[in-house]
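In what follows, a structure is listed as structure tokens, so that the remarks can point back to it.
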Amino acid sequence: MVKAVSFVAKSGTGKTTLLEKVIVSLKARGYKIGVIKHDAHRFDIDHPGKDSHRLTAAGADTMLISSPEKLALVKKHREAPAIEELIETYFSDVDIVLTEGFKKSGMPKIEVNRQERSATLLCRGEVTDPTLIAVASDAPLELDVPVLGLNDPEAVADFIEKTFLQ
């Protein structure tokens, strides 16, 4: 089973920025990384006028675009598949999957906290989320899980490596 950890936070906290830097660090250490970004809104990767868009608009339930360097899969579904199903189906070739979002999942979570954005935590506020394994914050916090420096992506990568990859 592929290991996975989810980065969660309120919007505008810096999840993507931290995740980018953690990916660079883990890649430099030789790991294969998968990423899943949760989007609560509708998105389109194929745009009107492009062949891929025309084919999905015509009714294709699954459409894959392939080039020598990468591929993209457009698969229609009635309801969003569980994150565990996505990982099992599409990420068997990586060492770890890092997700952005999925705060309601049962996956291990690292919460990103920027004090100017919010002094309260999602996973240690009104509710205590038992899947929280660490917090990356720009403030010293007293918690029951490790507190990592928000501006120290190497420390976050070290934590992920020690917790999941060794």
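Okay, so the sequence shown: first residue is 0 according to numbering that gives the first Met the number 0, each after it adds one. C-beta atoms are modelled at their ideal positions from N, C-alpha and C, and glycine is treated no differently.
According to the neighbour-count rule (16 or more other Cβ atoms, all chains shown, within 10 Å of its Cβ), is residue i buried or exposed?
| i | result |
| --- | --- |
| Val126 | exposed |
| Ala118 | exposed |
| Leu131 | buried |
Could you give the DSSP three-state label for residue i: helix, strand or coil?
| i | result |
| --- | --- |
| Ser24 | helix |
| Glu141 | coil |
| Ala71 | strand |
| Lys14 | helix |
| Ser51 | helix |
| Thr162 | helix |
Starting from the Cα of residue i, find the closest Cα among the options and give me that residue.
| i | options | result |
| --- | --- | --- |
| Leu97 | Leu25, Lys9 and Gly11 | Leu25 |
| Thr55 | Ile35, Val21 and His76 | His76 |
| Asp94 | Ile159, Ser66, Ala79 and Thr130 | Ile159 |
| Glu115 | Glu84, Ala138 and Ile35 | Ala138 |
| Glu141 | Leu120, Gly33, Ala8 and Asp92 | Leu120 |
| Asp151 | Leu17, Ser10 and Lys2 | Leu17 |
| Asn112 | Met106, His46, Gly105 and Ala133 | Ala133 |
| Asp157 | Lys20, Ser10 and Lys14 | Lys20 |
| Ile35 | Val144, Thr88 and Ala27 | Thr88 |
What residue range does the beta strand (DSSP E) around residue i cover?
| i | result |
| --- | --- |
| Ser136 | Leu131 to Ser136 |
| Ala3 | Lys2 to Val7 |
| Thr98 | Ile95 to Glu99 |
Residue range of the alpha helix (DSSP H) that residue i falls in?
| i | result |
| --- | --- |
| Val155 | Pro152 to Ile159 |
| Thr88 | Ile82 to Tyr89 |
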